[in-house]
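FYI, the numbering for the sequence shown is 1 to 68, going by the working numbering.
Yeah, the Cβ is synthetic: ideal placement off N, Cα and C, and Gly gets one too.
Predicted model only: the values in this text are computed from it and were never measured.
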Amino acid sequence: MSAKMGYYRNPIEPGTLLELKKKHPCGSRIWEVVRVGVLIRVRCRVCGRCLDMEPLALRSAVLGEAEK
Ligand SMILES: [Zn+2]
Numbered sequence: 001m002s003a004k005m006g007y008y009r010n011p012i013e014p015g016t017l018l019e020l021k022k023k024h025p026c027g028s029r030i031w032e033v034v035r036v037g038v039l040i041r042v043r044c045r046v047c048g049r050c051l052d053m054e055p056l057a058l059r060s061a062v063l064g065e066a067e068k
């Protein structure tokens with residue numbers, strides 16, 4: 001049970017803004033979901049850098065949904 005604590009369960013769809021636990025080097029925690037497939041592509045809201053993440057890894061890294 002405890003391994004699942006803090007695991008983000010809401011739907012992750014293109015356009016969703018996610019706040020991650022860890023800050024990006026540019027200082028932002030907010031990432032926008034760009035594409036959902038085998039990997040989920042997210043783009044940093046501040047510097048525009050894109051990352052492809054495995055859904056499980058992304059869900060464990062998410063603090064919550066950010067305000068649009
Ligand atoms: Zn960034």
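Taking the alpha-carbon positions, what's the residue i to residue j distance?
i: Val38; j: Ala57; result: 12 Å
i: Gly64; j: Pro14; result: 15 Å
i: Pro55; j: His24; result: 18 Å
i: Lys22; j: Lys68; result: 19 Å
i: Tyr7; j: Gly27; result: 23 Å
Name the residue from the options whose alpha carbon lies nearest to the alpha carbon of residue i.
i: Arg45; options: Asn10, Arg29 and Tyr8; result: Arg29
i: Leu17; options: Glu32, Tyr8 and Glu54; result: Glu32
i: Asn10; options: Arg59, Val36 and Gly27; result: Arg59
i: Ile12; options: Asp52, Ala66, Val36 and Gly27; result: Val36
In chain order, what residues of the same chain have a beta carbon less than 8 Å from the beta carbon of residue i, not counting five sequence neighbours either side?
i: Val34; result: Pro14, Arg41, Val42, Arg43 and Cys50
i: Gly48; result: none
Which residues in the same chain have their Cβ closer than 7 Å to the Cβ of residue i, if we skip the five residues on either side of it in sequence?
i: Leu20; result: Arg29, Trp31, Ala61, Val62 and Leu63
Just to confirm my understanding: we take residue i, look at its own chain, exclude 5 residues before and 5 after, and list those with CB closer than 6 Å. What are they?
i: Asp52; result: Leu39 and Arg41
- Item | Sequence-ordered residues whose beta carbon comes within less than 6 Å of a heavy atom of ligand 1 | His24, Cys26, Ser28, Cys44, Val46, Cys47 and Arg49
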